[in-house]
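Working notes, structure below.
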Amino acid sequence: MREYFRQERLSFRYLPVFWLTRLLFVVLVVLLPTAQMFLMIMAAVFSYGFRYETEEECLLPLTDEEIKRMRLTRCNMIWLRYLVVGLASILLGYMFPDSIILRGGLFESPVILGAFFALQMAAVYETLLERAAGITGGKKTYTLFRYVFCSLPTVILFAYAFTKLAFHKRPAFFMSGAAWIHAGILLAATALMAVYCVRLYGEWKIRDFAPNAEKEAKAAKKESN
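This is the structure in structure tokens:
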């Protein structure tokens with residue numbers, strides 16, 4: 002944790018523009034709580050990698066476990082920051098409903114809003130953890146497990162998120178039903194996402210390079226000839 006705060010101090014000292022980006026993020030999340038999920042997901046993609054780092058730090062002889070621990074600590078601290086800002090946004094929305102539009106239609110229910118926030122934060126953590134593990138873009142392996150435990154919860158999250166953006170009292174036609182049903186769906190999706198994060202961390206390995214199967218096959222063919 003001390004290493005994380007040291008990096009933060011260095012970033013703010015040598016890259017003062019971070020003060021502006023951090024303040025902008027907080028203001029947007031507080032003033033636009035209905036859109037905070039979209040803001041957090043987009044910011045999480047960049048937040049993990051945006052930091053000041055010297056060349057000497059890259060040369061430190063660290064074990065794989067030390068590297069994983071440092072990266073996970075950074076991931077956890079960023080997620081905790083998002084959690085605090087998100088909760089503060091919701092609290093202010095309830096305290097000043099005339100000034101801050103907190104929810105729309107279906108999200109008048111605190112139970113549904115709470116379940117949605119839990120799924121939202123699980124998705125944010127998954128995004129940060131993939132960044133920490135170096136899984137981005139083409140490096141992602143789309144398996145049945147990923148579709149069920151990551152893609153499906155993400156689809157559910159965005160379906161409810163877009164409904165949350167509708168500032169009318171009448172929910173979308175597929176959102177009818179008792180509050181406990183929607184809360185159950187959202188919490189089940191949260192549990193699936195949590196299982197995915199646990200497995201992702203368990204399979205996380207530090208690699209010096211990303212092997213290219215096609216190039217390796219060509220090299221092996223040349224050697225055989």
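Okay, so the sequence shown: first residue is 2 according to our numbering, each after it adds one. Cβ atoms here follow ideal geometry from the backbone N, Cα and C, with glycine treated the same way.
For this session: Verify whether the separation of the beta carbon atoms of L29 and L16 is less than 8 angstroms.
Result: Against a cut-off of 8 angstroms, the Cβ pair of L16 and L29 comes out as no contact.
Problem set entry | Terminal residues of the alpha helix (DSSP H) in which S63 lies | Rather than Ser, the amino acid found at residue 63 in this sequence is Leu. Note, L63: premise wrong, no alpha helix (DSSP H); not H, not E.
For this session: Give the DSSP-derived three-state secondary structure of I207 in the structure shown.
Result: It is coil, neither helix nor strand.
For this session: Please state if the CB of L120 and the CB of M194 are separated by a distance shorter than 8 angstroms.
Result: Taking 8 angstroms as the Cβ cut-off, M194 and L120 qualify as a contacting pair.
For this session: Give the straight-line distance between the Cα atoms of L145 and R14, rounded to the nearest whole angstrom.
Result: Those two C-alpha atoms are separated by around 45 angstroms.
Problem set entry | Outcome for F97 when other beta-carbon atoms lying within 10 angstroms are tallied against a minimum of 16 | Using a 10 angstroms sphere on the CB of F97, the tally of other CB atoms stays under 16, which defines it as exposed.
Exercise. Can you list the beta strand (DSSP E) stretches of 3 or more residues lying completely in the segment 116-159, in chain order?
Worked result: Listed in chain order, nothing qualifies, since the segment 116-159 has no complete beta strand (DSSP E) run of 3 or more residues.
For this session: With a threshold of 16 other CB atoms inside 10 Å of the CB of L92, please say whether the residue is buried or exposed.
Result: Exposed, by the Cβ-count rule.
Exercise. Just how far apart, CA to CA, sit F19 and G178?
Worked result: C-alpha separation (whole angstroms): 44 angstroms.
Problem set entry | Reduced DSSP secondary structure (H/G/I, E/B, other) of S177 | S177: coil per DSSP, three-state reduction.
For this session: For Y53, collect the residues of the same chain with a Cβ closer than 6 angstroms to its Cβ; drop the 5 residues on either side in sequence, then sort them by chain order.
Result: Because Y53 carries a pLDDT of 49, less than 50, the predicted location of this residue cannot be relied on, and no value is offered for it.
Exercise. In this structure, does DSSP put F163 in helix, strand or coil?
Worked result: The DSSP-derived three-state label of F163 is helix.
Exercise. By Cβ distance, which residues of its chain are closer than 8 angstroms to D65, with the 5 residues on each side in sequence left out?
Worked result: So the list reads K206 and I207, once near-sequence residues are dropped.
For this session: Taking the CB atoms as reference points, tell me whether C198 and Y126 lie closer together than 8 angstroms.
Result: One thing to note: C198 has its Cβ within 8 angstroms of the Cβ of Y126.
Problem set entry | Supposed contact pair K165 and T35 - C-beta distance, whole angstroms, cut 8 angstroms | About 5 angstroms separates the two Cβ atoms, so the contact holds.
Exercise. Which one of L21, F47 and V31 has the shortest CA to CA distance from A133?
Worked result: The option with the nearest alpha carbon to A133 is F47.
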